[in-house]
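This report concerns only the one structure given below.
Numbering (the UniProt record's numbering), first residue to last: 1 to 370.
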């Protein structure tokens, strides 16, 4: 079994605490993504799992084994790095088989494993090439193949796509997730921990996502729950593109005051609200703002300051009571030349808004929400 457990895991660099006692369990065969901004300690956490960083406190268990003091080669892991880390003087065939040759596996086993892995990743035509003769996408597939051929208990990926262009990143996302599904279907070890700062990668690849900030876990959930039920304002602002609008507000009974404007909270919002104080943050995703007419009373007035045409949709940047919000609208509904500078009215779609306690950042509008 390839379950991974982190129990009260800590990392201290001589007075600077990078990881603050995190707890995380990755199920056998799960694709877990660690995501967060630069400096949140996601790569440090991965390197501790790999044995490349010493654990200051807590435990790392792979399967039923405590691996804190085990060398990287004894942990049953394989790691794919951001910079591929291929041996430049070895052809692809030898790069793939190097780990098996170190273990002095039989020649026939090495040849069969190399053949199988190269077929899975469609790199059979590159086996006699040197790394310098490969494109970025080809080199990354070789790096994945070198990890796959070891048949590890846990695969570790440290921002493996960040050096690729946008088109290659998209295709490699599909390849890696398809590979994970194939390994699971074949009954092979397929537990993955994948580190990225790109929330698009996280949302499209992970079975579950662990959102980190400053060495702490903010929320662990599947992509749908993270998007629809963020536990706090940090997760709400980090997950989603464009990011969620977070608008400083004051709660007053059934009303929400935003500058000189007032929004009345509907019964649905009130039914799931657990107020902690009057200073709150209204969260509305750009896609959940409806542009409404003057006949709609419960709406916010603003003025468009900037327009971005994105093809099938338009991003409207709007000043509302001194704060900037973004609304995403279908492109075929609006004439770009007539929007900029125009007055506009926005209303949150029913059931789409969140309220966060401004002091703690906690989402206080999740009670009774499915």
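Note that beta-carbon positions come from the ideal geometry of N, C-alpha and C, so glycine has one too.
For the set 27, 267, 169, the Cα lying nearest the Cα of residue 192 is the one of 27. Look at residue 196 here: in three-state DSSP terms it is strand. Under the DSSP definition of a beta bridge, residue 191 partners with 154. In this structure the segment 17-35 lies against the segment 209-227, because at least three pairs of beta carbons, one per stretch, are closer than 8 Å.
Judged by DSSP secondary structure, residue 17 falls outside any alpha helix (DSSP H) and instead within the beta strand (DSSP E) spanning 16-26. Contact between residue 72 and residue 51 holds: CB atoms are separated by about 4 Å, below the 8 Å threshold.
When DSSP states are grouped into helix, strand and coil, residue 287 belongs to the helix group. Residue 8 is classed as exposed because its beta carbon has fewer than 16 other beta carbons within 10 Å across all chains shown. By the C-beta criterion, the segment 235-245 is judged not to be in contact with the segment 261-275, since fewer than 3 inter-stretch pairs fall below 8 Å.
The bridge partners DSSP lists for residue 216 are 213.
Taken through DSSP and simplified to helix, strand or coil, residue 323 comes out as strand. A distance of 9 Å or more separates the beta carbons of residue 276 and residue 352. Rounded to whole angstroms, the gap between the alpha carbons of residue 41 and residue 231 is 20 Å. With contact defined as three or more Cβ pairs closer than 8 Å, the segment 110-130 and the segment 159-166 are not in contact.
The beta carbons of residue 29 and residue 132 sit about 36 Å from each other, so the pair does not count as a contact at 8 Å. Relative to residue 130, the option among 95, 154, 145 whose CA is nearest is 95. Secondary structure of residue 81 (DSSP, three-state): coil. Residue 108 counts as exposed, since fewer than 16 other C-beta atoms from the protein chains shown sit within 10 angstroms of its C-beta.
Residue range 166-185 is occupied by the alpha helix (DSSP H) that includes residue 174. Unbroken alpha helix (DSSP H) stretches of 4 residues or longer found wholly inside the segment 42-122: 42-50, 92-102, 107-120, given in chain order. For residue 2, the three-state secondary structure derived from DSSP is coil.
Exclusion of the five residues before and after residue 219 leaves 211, 231, 235 as the residues of its chain whose Cβ lies within less than 6 Å of its Cβ.
Excluding residues up to 5 positions away in sequence, 84, 86, 131 lie with their Cβ nearer than 7 Å to the Cβ of residue 139 in the same chain. Residue state for residue 366 is assigned as coil, using DSSP reduced to three classes. For residue 32, the enclosing beta strand (DSSP E) stretches over residues 31-35. DSSP places residue 277 outside both helix and strand once states are collapsed to three, so it counts as coil.
Excluding the 5 residues flanking it on each side, residue 348 has same chain C-beta neighbours closer than 7 Å at 284, 288, 289, in chain order.
When DSSP states are grouped into helix, strand and coil, residue 256 belongs to the strand group.
For the pair residue 316 and residue 328, the CB atoms are nearer than the 9 Å cut-off. Taking a C-beta distance under 9 Å as the contact criterion, residue 291 and residue 344 qualify as a contact pair.
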